[in-house]
Amino acid sequence: MVNRYLVEQVCSYFGLVFWSLQLAPQAWKTYRRGTSTGVSVWTMWIWTFAGIFLGCYNVGLKVTAALCVQPQIFAFISTICVFQEFRYQHKWSLIKTWVGFILACLLFGGFEAGMVFAFRKAEQMNNEDAIRFFGIIPVVFVIGGFLPQYYEIFRERRVIGVSHLFLAMDFSGSIFSIVSLVFSDNIDALDLVNYIAISCLDVGILVLYYIFEWYQNRLAKQKDIEAPTVKELTDDYEDAHNTKPSSSEAYTKTTS
């Protein structure tokens, strides 16, 4: 017989490793490239707040410690990605970037602590609508956070700057978190929908990467085929400007 508690704990810790750290490869790739081009800063902003609200919700529900720590790390690395945008795209100085990052972390931490107290107050008052609100917000933010990135992809017609390792880790973390919730005593539907949606949207970005790579390669080949040769361009230019000598001019030049 399967030990449900053991499966729940093991999968939750695997989910912690994969899901909470999945943005680390993205932050590292942006750092190595020296640019955040192709990575939507709006996605990172939204995911930062998603992590804050999800952390508040999980702490309030008293789920496993791993699932409580998970959103905190996620929000922390999302904040790093946000300030990489300010550093590389808006040319902030290193000191200004660090100061802004530290202040943002303190502000977000204080905000989440306040939300945890609000959640517990709603729980004491048996306010089901307020509790449901705390659960819906992170789901909306996490799923909605993908929309700016998808917009960026369709606008550029290719996936630029998005780490494949990030997508793989995000997908794996979501799967382990789903299994952990399924084997827990109390299955929370909102968390379950959240993780399922994340895994599907991760796969969507990866599929779009290969679709648009095929599209761009095909477009490049068509341009190569349709591109006129240097001789054709020269002949067209001479015809347009009547630069070719007439037969009488050519005869005069050869006889002179």
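So the sequence shown is residues 1 to 256, counted in full-length UniProt numbering.
The beta-carbon is built from N, C-alpha and C at its ideal position, and this holds for glycine as well.
Measuring only the C-alpha atoms, how far is cysteine 68 from valine 10?
Those two C-alpha atoms are separated by around 15 Å.
For methionine 125, count neighbouring Cβ atoms within 10 angstroms of its own Cβ and tell me buried if that reaches 16, exposed if not.
Counting Cβ neighbours within 10 Å, methionine 125 comes out exposed, since fewer than 16 surround it.
If you draw a straight line from the alpha carbon of cysteine 56 to that of isoleucine 196, how long is it in whole angstroms?
Rounded to the nearest angstrom, the two C-alpha atoms are 20 Å apart.
Note down the Cα distance separating lysine 62 from valine 116, rounded to an integer number of angstroms.
Roughly 11 Å between the two C-alpha positions.
Give me the Cα-Cα distance between alanine 24 and leucine 165, rounded to the nearest whole angstrom.
Roughly 9 Å separates the two Cα atoms.
Excluding the 5 residues flanking threonine 234 on each side, which residues of the same chain have their C-beta closer than 6 Å to its C-beta?
Only weak support is given to the placement of threonine 234: the predicted model assigns it a pLDDT of 48, under 50, and the question is left unresolved by the model.
Does the distance from the C-beta atom of alanine 75 to that of isoleucine 46 stay below 7 Å?
The answer is no: Cβ separation not under 7 Å.
Go ahead and pull the three-state DSSP assignment for aspartate 129.
If DSSP states are grouped into helix, strand and coil, aspartate 129 belongs with the helices.
Taking the Cβ atom as the reference point for each residue, do methionine 44 and cysteine 105 lie within a distance shorter than 7 Å?
Not in contact: methionine 44 and cysteine 105 (Cβ atoms no closer than 7 Å).
Whose CA, out of Tyr88, Ser78, Ser12, Ile160, lies closest to the CA of valine 39?
Selected option, being the one with the closest Cα: Ile160.
CA-CA distance, aspartate 129 and leucine 21?
Taking the straight line from one Cα to the other gives about 32 Å.
Can you confirm whether the segment 85-105 touches the segment 145-161 when touching is taken to mean that 3 or more C-beta pairs between the two stretches lie within less than 8 Å?
As far as the Cβ criterion goes, the segment 145-161 does not touch the segment 85-105, which means the pair count is below three.
Using three-state DSSP, classify phenylalanine 183 as helix, strand or coil.
If DSSP states are grouped into helix, strand and coil, phenylalanine 183 belongs with coil.
Glutamine 216 to serine 163, Cα distance in whole Å?
So the two alpha carbons sit approximately 19 Å from each other.
I'd like to know if the segment 170-181 and the segment 189-206 are in contact, where contact means that at least 3 CB-CB pairs between them fall below 8 Å.
A contact exists between the segment 170-181 and the segment 189-206.
Along the chain, where does the alpha helix (DSSP H) containing lysine 121 start, and where does it finish?
That run of the alpha helix (DSSP H) goes 94-124.
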